[in-house]
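Novice: Using the UniProt record's numbering, the letters of the sequence shown correspond one by one to residues 1 to 569.
We put the CB at the ideal spot given by N, CA and C, even for glycine.
Bear in mind that the values here come from a model prediction, so they are computed numbers and not experimental data.
Have a look at this one before I ask anything.
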Amino acid sequence: MAEGSNSFLDDPCLSPSSKKQPGGWRAVKYILANETFEKLASMSLIANMTVYLKTKYNMEGVLLVNVINIWSGTSSFMSIGGALISDMFLGRYLMLLYGSISSLLGMMILTLTAIVPKLRPPTCIGQINCIDPNLWQLSILYAGLTLMAIGAGGIRPCNIAFGADQFNTTTKEGRSQLESFFNWWYFSFTFALVIALTAVVYIQTNISWVIGFAIPTSCLLVSIVIFVIGHHAYIIMKPQGSVFVDLVKVITAATRKHRLDCSRCSFYDPDFHPRTKQLRCLEKAAVIANQNELDEDGKPKNGWRLCSIQQVENLKLLLGMMPVCLAGIGCFMTMDQQTTIGILQAIQSNNVLPSGFKIPPGWMGLSPMIALSIWISTYEILWVLQTKRLTGKAKRLTMTQRINIGLISAMACSIVASFIEKKRRTAALKHGSFKSPMSILMLLPQFALSGLVEAFAAVAIMEYLTTQLPESMRTVAGAIFFISLSMASYLNSMLVNIVHKTTKKGGKTSWLGGHNLNNGKLENFYYLAASIEALNFLYFNLYARRFIATSCTINKESKEDQHINEDQI
């Protein structure tokens, strides 16, 4: 096991007990195997959790959506805590290990709920007079979901970064190996996802929930064993502090000095970093109010009272990206709606094909993946390559264009879903059945449009965050993306609760229908969601889109000025 900096020349990076140099593909084979089994385990549960809670816990629509959204949002938000603890205290290896153990404990609890009938309410036959779960039954369920959310918070921010630690990116060979690692990582992720969304989901729905939960639990146990076995081959970096703390330091220092008059102040700027005109109030964090704030070497004695101009500009850049991220949250809400409410529609649709084969409702989650894959391959192979061949230069859609297409796809997704839901519910009421005679395949368009939202808006926003922030803040880009996903889940839950409480007033049936969607008017909820997406589209084009151009210009000027300063030095 190796510890130290990322330099492969430093002796501390080499294990004294091993003759072989750690890192490289020798270490990555364990990491990829671990990642494959871990993703197979986690996605097998996430993909079909809506179906499990509906069919085995008799959860009515609002409670189910709240549980899934809060669990999903907390899993994403926990990633920030995981990144902080990893960067400041534990390091990535221990964070991944502890996170995996937490997830394993959570999965074991969920598997136990499938094995022991008393841990769940009685099975609801025909969705009539369904018995709700008791508080203690929900407590056990929530304990399992909480442990899984904590585990996800430890795994998500560290898995790719820990693999990247194994290569020497200062050499051309190391950078090439790192690129290959990313390709293999995404291959293993896709492979695990396809298996989880097909074979495991089918077993859970049509054969046995016990076996269907035991498989991912066993996979995660195998994942942990493989990860630990390979510990002798890893390069394990020591915690080196977190960029997040630097951002908090700037806010703290600027708040402490908010009354200072900066007209004749000198700034702490050891790197000769250019100053931008935006948010000048934050620059007070870099004001040298008293020479006693510096030590003998000219460095701040207290980083919570004096920060550098570079730290201030990093925070400015990040805050300037928030308007675009807010537009992204609206898109992510549409994606979340399909993984919860869309699956509820699938549960109450006819899933039997003419051949007699039963389509698991969880398979609807494959549609967004397929739509995303078709678009990316069509765009990269047909559009980009053909325009390069015809014009000599590859023409790509701009970031603004892709986000706009994603916003339009989000509106279209909700509108299509409303029309399909009205048709599904009308057919169900006509036949007087819980399941509508309408085929589950009719839901494919709305799930496919959800995939296009991800292909255009989500990918563009992630690219925006990654390319416009300096390399030292790349972890922050991932963190902001996870926070956006988290906020989308929480806001979705809030929207569902507001609609439920508002529409059931006066003894009326809620739009979301309780245990049975046929009793409500879900299409009206989708119309409301489409209206929100329309407002989000206007917000982006009338206000937020300007920040894409602004941040690109600031980033470009900053880099040019930095090069000039380096040449002068």
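Rounded to whole angstroms, what's the CA-CA distance from Asn519 to Pro361? Just pull it up for me.
Specialist: The alpha-carbon atoms of Asn519 and Pro361 are separated by roughly 20 Å.
Novice: Touching or not, the region 80-89 and the region 227-235, by the rule of three or more beta carbon pairs under 8 Å?
Specialist: Taking 8 Å as the limit for Cβ pairs, the verdict is that the region 227-235 does not touch the region 80-89.
Novice: Name the residue from Met442, Leu96, Phe181 whose alpha carbon lies nearest to the alpha carbon of Gly151.
Specialist: Closest option to Gly151, Cα to Cα, is Leu96.
Novice: Roughly how many angstroms separate the alpha carbons of Pro239 and Tyr268, rounded to a whole number?
Specialist: Each residue's alpha carbon lies about 26 Å from the other.
Novice: Could you name the residues that DSSP lists as bridge partners for Lys358?
Specialist: Paired residue(s): Val352.
Novice: For Arg425, which residues in the same chain have their Cβ closer than 6 Å to its Cβ, ignoring the five residues on either side in sequence?
Specialist: Excluding sequence neighbours, Arg425 sits near Asn518.
Novice: For the beta strand (DSSP E) containing Ile235, name the first residue and the last one.
Specialist: First-last of the beta strand (DSSP E) with Ile235: 235-237.
Novice: Strictly by DSSP, which residues pair up with Ser439?
Specialist: DSSP, once it has assigned bridges, lists Asn350 as partnering Ser439.
Novice: May I ask you to report which of helix, strand or coil DSSP gives Leu147?
Specialist: If DSSP states are grouped into helix, strand and coil, Leu147 belongs with the helices.
Novice: My assumption, with CB atoms under 8 Å, is that Ala164 sits in contact with Met78. Please give the rounded CB distance.
Specialist: Wrong, their Cβ atoms sit about 21 Å apart, outside the cutoff.
Novice: Between the Cα of Asp510 and those of Glu60, Trp383, Arg26, Met43, spot the shortest distance and give me the residue it belongs to.
Specialist: The displayed chain sequence assigns Ser, not Asp, to residue 510. Comparing Cα-Cα distances from Ser510 to each of Glu60, Trp383, Arg26, Met43, the minimum goes to Glu60.
Novice: What whole-angstrom Cβ distance do Leu317 and Val250 have, given they're in contact under 8 Å?
Specialist: Actually they do not touch by this definition, with Cβ atoms about 12 Å apart.
Novice: Ignore the nearest five residues each way along the sequence and tell me which others in Gln278's own chain have a CB closer than 7 Å to its CB.
Specialist: The residues are Lys316, Gly320.
Novice: By Cβ distance, which residues of its chain are closer than 8 Å to Leu104, with the 5 residues on each side in sequence left out?
Specialist: Here the set comprises Gly151, Thr217, Leu220, Leu221, Ile224.
Novice: Could you tell me whether the region 480-495 touches the region 67-76, using the rule of 3 or more Cβ pairs below 8 Å?
Specialist: A contact exists between the region 480-495 and the region 67-76.
Novice: Between Asn292 and chain C, is there a C-beta pair that is closer than 8 Å?
Specialist: Of the chains in the structure shown, none is chain C; there is only one protein chain.
Novice: In three-state DSSP terms, what is Ala289?
Specialist: Looking at Ala289 - three-state DSSP - the assignment turns out to be coil, as it is neither helix nor strand.
Novice: What span of residues does the alpha helix (DSSP H) with Ile101 cover, start to end?
Specialist: Segment 92-115, the alpha helix (DSSP H) holding Ile101.
Novice: Can you look up Leu512 in the DSSP assignment and give me helix, strand or coil?
Specialist: Looking at Leu512 - three-state DSSP - the assignment turns out to be coil, as it is neither helix nor strand.
Novice: Taking 6 Å as the limit between beta carbons, can you name the residues of its chain near Lys56, skipping five residues before and five after?
Specialist: The residues are Arg120.
Novice: From Met43 to His500, what does the alpha carbon distance come to, in whole angstroms?
Specialist: If I take the Cα positions, the gap works out to 29 Å.
Novice: Any idea if Val476 is buried or exposed, counting beta-carbon neighbours within 10 angstroms, 16 or more meaning buried?
Specialist: Burial call: buried.
Novice: CB-CB under 6 Å to Ser450, same chain, minus the five flanking residues each way: which ones, in chain order?
Specialist: Excluding residues within five positions, the ones whose Cβ falls inside 6 Å are Met335, Gln338, Pro368, Cys413.
Novice: Can you give the beta carbon distance from Val248 to Ala285, rounded, assuming they're within the 8 Å contact cut?
Specialist: Not a contact, Cβ separation roughly 11 Å.
Novice: So, are the CB atoms of Glu326 and Ala289 less than 8 Å apart?
Specialist: Note that residue 326 is Leu in the sequence shown here, rather than Glu. Cβ distance not < 8 Å, so Leu326 and Ala289 don't count as in contact.
Novice: Are the beta-carbon atoms of Ile236 and Gly91 separated by less than 8 Å?
Specialist: Cβ distance < 8 Å, so Ile236 and Gly91 count as in contact.
Novice: According to the Cβ coordinates, are Phe189 and Lys39 closer than 8 Å?
Specialist: In this structure, Lys39 lies closer than 8 Å to Phe189 by Cβ.
Novice: From Gly303 to Ala253, what does the alpha carbon distance come to, in whole angstroms?
Specialist: Distance between the alpha carbons of Gly303 and Ala253: 8 Å.
Novice: Report the residue from Ile140, Gln468, Val243 whose alpha carbon sits nearest the alpha carbon of Met88.
Specialist: That would be Val243, whose Cα lies nearest to the Cα of Met88.
Novice: Can you tell which of Glu173, Lys299, Leu485 has the C-alpha that lies nearest to the C-alpha of Ile461?
Specialist: Closest option to Ile461, Cα to Cα, is Leu485.
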